[in-house]
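Undergrad:
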Amino acid sequence: AAPQAAFGVQAHIEVPKSGIAARCQPQGNEGAACLFAGAPTDGLMGGGFLYTNETTLSLGLVCGLHHLKDAKKSVPQMLEDFKQHPAVAPLIAGGKLVEYAAHVVPEAGMNMQPELVGDGVLIAGDAAGMCMNLGFTIRGMDLAISAGEAAAKTVLSAMKRDDFSKQSLDEYRQHLDEGPMRDMRMYQKLPAFLDNPRMFTAYPEMAVSIARDLFTVDGSAPVPMRKKILRHAKKVGFINLMKDGLKGVTVL
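Numbering follows the working numbering, with no gaps: position 68 of the sequence shown is 87.
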C-alpha cells in the first residue's frame, strides 16, 4: 500500500539579503531551491529542502510518517543534524531562527482522495490529497493553486444559476480533469514505488560508491569500468536491481 502522509518540519532562518545573494547566488528577483535526499532523514523515506526568500532561508525536511517508527532519532534532531551538514552549514552560518513550523503532508495523491464535491462544498489542496512526491521533488502548491482556480470557475458558474447543489457543482471535476488531475493520474502509482527502503539507502550508497571509484586516481592498477560498477551493484543484488527497475519502468 502507498504511504498516506509524511511529517514535515521547517525553520525560517534570517540572513541578510546580501548574504543570500552571495551564498545561494540567485539573480535579481529570482530565488534558489536545493533538494536533498539521504542524510536529512537519516536514510528513511523522505528528503530535505532549502529555499531562498527575501531575507530568510527556509530549511526543512519531510519524512514518511509510517517510517518514523524506525527512526533512530527524533525529527527535531534530524533537522538540527541537517543544519550541521557540510552542504548546508555554510549557507545558514550566522543566521537567526525566526520561525519554526511543522505540518503533516498528504502524499498518496489519488490513492487517498476523498469525495471532492458536495452540496455547497468543494474540496481542494491538502484536504483533497493534492500533493505528489515525485522522489526528486514534491509538488503541492501548484496543484492547490490550480484547484483553487477550478473551484472559482465552478462557483462563478453556480452563482449565475443560483444553484449550489452537488449536481450543479459537479463541473468542478471537469475543470480538475483539465488541470491538476492529469499529473496526479500519471503519477498515482509512484508513492508505492518510492516506499522502498532501497531508494533512500542502498541505491544512493551505490551511486556514491560508483562515482567515488570512477573519479578516484590513487596510483593503483587500473580496473575496467564495468568491474567497478558491478562490484557495487552486487551489494544491492542483481535481482533487486531488475525487480525495482522493471517496476520503475511501469510506474514512470
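Don't be surprised by glycine CBs; every beta carbon is placed ideally from N, CA and C.
With M97 and T60 assumed to form a contact (beta carbons below 8 Å), what rounded beta-carbon distance in angstroms separates them?
TA: Translated into the one-based positions of the sequence shown, residue 97 becomes position 78. Translated into the one-based positions of the sequence shown, residue 60 becomes position 41. That belief holds up - the Cβ atoms of M97 and T60 are roughly 6 Å apart, short of 8 Å.
Undergrad: Quick one: measure Cβ to Cβ for V28 and A121, integer angstroms, because I've assumed they're closer than 8 Å.
TA: To locate residue 28, count along the sequence shown from 1; it is residue 9. To locate residue 121, count along the sequence shown from 1; it is residue 102. Their Cβ separation, rounded to whole angstroms, is 5 Å, which keeps V28 and A121 in contact under 8 Å.
Undergrad: Under the three-state reduction of DSSP, which class applies to N152: helix, strand or coil?
TA: Here the question's residue 152 lines up with position 133 in the sequence shown. In the structure shown, N152 sits in a strand (DSSP, three-state: E or B).
Undergrad: Please confirm whether D166 and A143 have their CB atoms less than 7 Å apart.
TA: On the sequence shown, residue 166 is found 147 positions in, with the first residue counted as 1. On the sequence shown, residue 143 is found 124 positions in, with the first residue counted as 1. Note that residue 166 is Ala in the sequence shown here, rather than Asp. For A166 and A143, yes; Cβs fall inside 7 Å.
Undergrad: Below 8 Å on the Cβ atoms is my contact criterion, and I expect P125 with Q23 to pass it. Report the Cβ-Cβ distance as a whole number of Å.
TA: Sequence index remark: in the sequence shown, residue 125 carries index 106 (1-based). Sequence index remark: in the sequence shown, residue 23 carries index 4 (1-based). P125 to Q23, Cβ: 7 Å. Contact.
Undergrad: In angstroms, rounded to a whole number, what distance separates the CA positions of M178 and L195?
TA: Along the sequence shown, read from residue 1 onward, the residue named residue 178 stands at position 159. Along the sequence shown, read from residue 1 onward, the residue named residue 195 stands at position 176. Whole-angstrom Cα-Cα distance: 19 Å.
Undergrad: Express the C-alpha separation of K208 and S187 in angstroms, rounding to a whole number.
TA: Numbered from its first residue, the sequence shown carries residue 187 at position 168. Numbered from its first residue, the sequence shown carries residue 208 at position 189. Approximately 31 Å between the Cα atoms of the pair.
Undergrad: Could you tell me whether the segment 101-120 touches the segment 66-82, where touching means 3 or more Cβ pairs closer than 8 Å?
TA: A contact exists between the segment 101-120 and the segment 66-82.
Undergrad: In the structure shown, what three-state DSSP assignment does P125 receive?
TA: By one-based count along the sequence shown, residue 125 stands at place 106. It is a strand residue.
Undergrad: Kindly provide the ranges of any alpha helix (DSSP H) runs that are 4 or more residues long and lie completely inside the segment 133-211, ordered along the chain.
TA: Correct list: 160-180, 185-188, 190-196 and 199-205.
Undergrad: Taking buried to mean at least 16 other C-beta atoms within 10 Å of its own C-beta, is N48 buried or exposed?
TA: Here the question's residue 48 lines up with position 29 in the sequence shown. With fewer than 16 other Cβ atoms within 10 Å, it is exposed.
Undergrad: Is it the case that the Cβ atoms of D189 and V140 are separated by a distance below 7 Å?
TA: Position 170 of the sequence shown, counted from the start, is the residue given in the question as residue 189. Position 121 of the sequence shown, counted from the start, is the residue given in the question as residue 140. Going by C-beta atoms, D189 is not nearer than 7 Å to V140.
Undergrad: Check this for me: beta carbons of I229 and I258, under 7 Å apart or not?
TA: For this step, residue 229 is matched to residue 210 along the sequence shown. For this step, residue 258 is matched to residue 239 along the sequence shown. Against a cut-off of 7 Å, the Cβ pair of I258 and I229 comes out as no contact.
Undergrad: Should P109 go down as buried or exposed, given a rule of 16 or more other Cβ atoms within 10 Å for buried?
TA: Here residue 109 is taken as the residue at index 90 of the sequence shown, counted from 1. With fewer than 16 Cβ atoms within 10 Å of its Cβ, P109 is classed as exposed.
Undergrad: Evaluate A20 with the Cβ neighbour count: other Cβ atoms within 10 Å of its Cβ, from every protein chain shown; 16 or more gives buried, anything less gives exposed.
TA: Locating residue 20 in the sequence shown gives position 1, counting from the first residue. Note on A20: pLDDT 45, under 50, position unreliable in the model; no value is reported.
Undergrad: Which one of P95, V123, K172 and L116 has the shortest CA to CA distance from C150?
TA: For the purposes of this step, residue 150 is taken as residue 131 along the sequence shown, with counting starting at 1. Cα-wise, what sits closest to C150 is V123.
Undergrad: Between which two residues does the beta strand (DSSP E) carrying V34 extend?
TA: Locating residue 34 in the sequence shown gives position 15, counting from the first residue. No beta strand (DSSP E) contains V34, which DSSP labels as neither H nor E.
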